[in-house]
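Under the UniProt record's numbering, the final residue of the sequence shown carries the number 414; numbering is consecutive throughout.
Where is the CB? At the ideal position from N, CA and C, for every residue including glycine.
All figures in this text were calculated on a predicted structure; none of them were measured in a lab.
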Amino acid sequence: MNLTQCQKMTKEALSIPEWKKAVLEEMNALEKNQTWQAVEVPKNKPRVGCKWVFTPKFKADGTLERYKARLVAKGYTQTYGIDYTETFAPVAKLNTIRILLSLAANLDWPLQQLDVKNAFLNGKLEEEVYMSPPPGFEEQYGSKVCKLEKALYGLKQSPRAWFERFTQFIKKQGFKQAQADHTLFMKFSIKGEIAVLIVYVDDIILTGNYCKEIEDLKKKLAQEFEIKDLGELKYFLGMEIARSQKGIVVSQRKYVLDLLHETGMSACRPIDTPIDPNQKLGNVKEGVPVNIHQYQRLVGRLIYLAHTRPDIAFAVSMVSQFMHNPFQEHLDATYRILRYLKSCPGKGLFFKRSDNRNAEAFTDADYAGSITDRRSTSGYCTYVWGNLVTWRSKKQNVVAGSSAESEFRSMDYG
Numbered sequence: 001m002n003l004t005q006c007q008k009m010t011k012e013a014l015s016i017p018e019w020k021k022a023v024l025e026e027m028n029a030l031e032k033n034q035t036w037q038a039v040e041v042p043k044n045k046p047r048v049g050c051k052w053v054f055t056p057k058f059k060a061d062g063t064l065e066r067y068k069a070r071l072v073a074k075g076y077t078q079t080y081g082i083d084y085t086e087t088f089a090p091v092a093k094l095n096t097i098r099i100l101l102s103l104a105a106n107l108d109w110p111l112q113q114l115d116v117k118n119a120f121l122n123g124k125l126e127e128e129v130y131m132s133p134p135p136g137f138e139e140q141y142g143s144k145v146c147k148l149e150k151a152l153y154g155l156k157q158s159p160r161a162w163f164e165r166f167t168q169f170i171k172k173q174g175f176k177q178a179q180a181d182h183t184l185f186m187k188f189s190i191k192g193e194i195a196v197l198i199v200y201v202d203d204i205i206l207t208g209n210y211c212k213e214i215e216d217l218k219k220k221l222a223q224e225f226e227i228k229d230l231g232e233l234k235y236f237l238g239m240e241i242a243r244s245q246k247g248i249v250v251s252q253r254k255y256v257l258d259l260l261h262e263t264g265m266s267a268c269r270p271i272d273t274p275i276d277p278n279q280k281l282g283n284v285k286e287g288v289p290v291n292i293h294q295y296q297r298l299v300g301r302l303i304y305l306a307h308t309r310p311d312i313a314f315a316v317s318m319v320s321q322f323m324h325n326p327f328q329e330h331l332d333a334t335y336r337i338l339r340y341l342k343s344c345p346g347k348g349l350f351f352k353r354s355d356n357r358n359a360e361a362f363t364d365a366d367y368a369g370s371i372t373d374r375r376s377t378s379g380y381c382t383y384v385w386g387n388l389v390t391w392r393s394k395k396q397n398v399v400a401g402s403s404a405e406s407e408f409r410s411m412d413y414g
């Protein structure tokens with residue numbers, strides 16, 4: 001998007017009261033946070049552009065919650081070594097979240113959710129970065145530009161700056177950072193009670209039986225950052241979470257229905273299985289090629305859905321093998337998965353109470369199942385305290401010499 005298009009889009013949005021209010025709220029938050037200073041442009045100093053991103057926010061049931069306008073820096077114009085250096089920041093592993101859900105279901109731990117408003121704005125910049133004035137507010141700045149003091153959405157180093165700031169604060173409260181997942185923090189009481197926090201960018205989940213510490217931490221977080229207490233965990237990363245006396249259900253029904261609508265499959269004929277057991281997919285030399293970008297986007301959506309739908313994991317693994325050279329038969333197999341989803345859009349994971357206090361892993365493999373290169377496919381699943389927490393299906397990297405070898409490789413993989 002060039003400058004003229006950005007200005008035109010901003011002008012159109014500002015003519016709509018709801019979007020204008022959202023833009024002013026964002027500007028007020030940026031000014032309150034002292035995100036930048038207005039300064040004259042230093043000589044030979046490059047400027048980073050910025051733009052407005054307008055996004056309607058929806059509730060779990062699909063109804064409109066609010067209008068959100070966010071000022072985003074054009075990080076792709078930054079120069080390595082001048083505008084930024086380190087950029088990496090960890091994100092919570094979904095496997096970790098599923099293990100926490102299993103523990104919460106078994107131990108009757110509460111699950112609470114917090115949202116850090118404008119989280120990236122809390123990160124402190126170490127580099128000297130200059131940015132053009134926000135579109136729609138150029139006249140207020142005249143010849144001046146914005147010298148960034150805090151991180152801003154879109155900057156390459158913003159995720160790292162925010163996570164470092166958040167980690168420092170949480171550690172000061174006595175929490176220990178897990179080594180296997182750096183977004184997981186825990187604190188124990190003398191009595192053996194535990195408070196657990198996991199953060200995914202600006203979304204926080206709190207659980208455990210150390211209730212006093214959890215309430216104290218919520219107050220301290222609210223003092224340090226602008227926090228929105230969302231109460232009981234119900235909607236997280238596109239996953240709908242419902243709790244009852246029997247356990248916890250995690251599904252992506254809205255995600256599935258949106259996907260069916262986007263692909264024009266809302267009225268399709270449902271089917272009982274996600275893959276045809278009699279069909280072997282392979283590389284095609286002669287056939288009808290399909291739009292590679294459309295195929296990759298669709299399979300990518302299904303890969304994310306498979307995080308709560310182990311029933312489609314194998315089928316998605318199969319169609320994802322042809323991302324770089326898809327043909328019509330591969331697309332047909334992908335649409336078959338959509339037809340299966342149509343039959344059960346609300347299916348998901350159920351975390352129940354169990355007397356089983358073990359961690360159990362199961363593996364399996366076929367032998368030379370690929371008609372293209374005769375490589376075998378591994379599959380594994382892991383249960384923690386009676387609940388499924390991890391699973392995967394993946395083609396093996398080498399050609400196994402026997403069925404026993406393919407099984408052993410699958411065991412090593414799991």
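Straight-line Cα distance separating residue j from residue i
i	j	result
CYS268	LYS342	7 Å
THR55	GLU25	14 Å
LYS32	LEU121	10 Å
LEU125	GLN296	36 Å
LEU388	PHE351	8 Å
ILE194	SER410	35 Å
LYS171	GLY247	32 Å
ALA104	VAL384	12 Å
LEU64	SER251	20 Å
ASP412	ILE198	29 Å
PHE169	LYS212	18 Å
ASP272	SER102	28 Å
ASP355	CYS381	19 Å
GLY282	ILE371	6 Å
ALA313	SER393	6 Å
LEU30	GLU215	28 Å
THR10	LEU152	19 Å
VAL48	GLY401	55 Å
PHE88	ILE204	19 Å
For residue i: DSSP bridge partner residues
i	result
GLY208	ALA195
TRP162	Looking at the DSSP assignment, TRP162 forms no beta bridge with any residue, so it has no partner.
ARG392	TYR380
THR363	TYR380
ASN387	VAL384
GLN177	PHE185
TYR200	ASP203
Buried/exposed call for residue i, threshold 16 Cβ in 10 Å
i	result
HIS293	exposed
PRO326	buried
ASN358	exposed
SER189	exposed
GLU12	exposed
ARG374	exposed
LEU107	exposed
ARG309	buried
GLY123	buried
Cβ pair residue i, residue j closer than 9 Å
i	j	result
PRO274	ALA315	yes
residue 455	GLU224	Residue coverage of the chain in this structure runs from 1 to 414, which leaves residue 455 outside it and unanswerable.
ALA73	SER158	yes
GLU86	ARG160	yes
ALA368	SER406	yes
TYR235	ILE227	no
GLY154	TRP52	no
Check: residue i C-beta below 8 Å from any heavy atom of the ligand MG
i	result
VAL316	Among the components modelled here there is no ligand, and therefore nothing to report on the ligand MG.
Inset, instruction - At 3 residues or longer, and completely inside the region 213-288: list those beta strand (DSSP E) runs for me, N to C. - result: 227-232, 239-244 and 247-251
Legend entry - Start-end ranges of the alpha helix (DSSP H) lying completely within the region 37-120, minimum 4 residues: 94-107
Inset, instruction - Return the chain-ordered ranges of every beta strand (DSSP E) run that is complete within the region 121-158 and spans a minimum of 3 residues. - result: 124-131 and 144-150
Inset, instruction - Go through the region 295-358 residue by residue and report every complete run of the beta strand (DSSP E) that reaches 3 residues or more, in order. - result: Positions of the beta strand (DSSP E) runs, each at least 3 residues long and wholly inside the region 295-358, are given as 348-352 in order along the chain.
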